[in-house]
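The sequence shown begins at 6 in the working numbering and counts up by one. Each residue gets a CB set at the ideal place from its N, CA and C atoms; glycine is no exception. Source: prediction; values computed, not measured. Quick notes on the structure that follows.
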Amino acid sequence: MAKRKRIRPYHSLEEIQMRKEQLDEVIELEDQEIKRLWGLLTTKDENMSQGEQIGKYIQYGMMAFDGMMTLHKLRRNYGSILNIFKKGK
6 MAKRKRIRPY HSLEEIQMRK EQLDEVIELE DQEIKRLWGL LTTKDENMSQ
56 GEQIGKYIQY GMMAFDGMMT LHKLRRNYGS ILNIFKKGK
């Protein structure tokens, strides 16, 4: 059962406006944090040597190969990828 949040009653427009401003500040701070983290995630590392770049591409290739092998095994065992999600009788 989902936990119900307690709703605080508001008795005036000023209380509503104050709460709105508080929520706007929280949203703005969270937005800035998300932008910062996304920037860290998507920035290019231009200080990589040629060997590190080759290692990175080999790692990506191995991950792609692993994913394809996993899909192949699932398809072989279940007949189709979609059969994994079907309920048994």
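Specify the secondary structure class of residue i as computed by DSSP and reduced to three states.
i	result
E51	coil
G84	coil
H16	coil
R24	helix
M6	For M6, the predicted model reports a pLDDT of 47, less than 50, meaning its position is unreliable and no value from the coordinates is stated.
Report the rounded CA-to-CA distance for residue i versus residue j, giving the unit in angstroms.
i	j	result
I32	Y15	21 Å
I12	D29	18 Å
Q64	T47	18 Å
M68	K91	27 Å
L34	K49	25 Å
E19	Q27	12 Å
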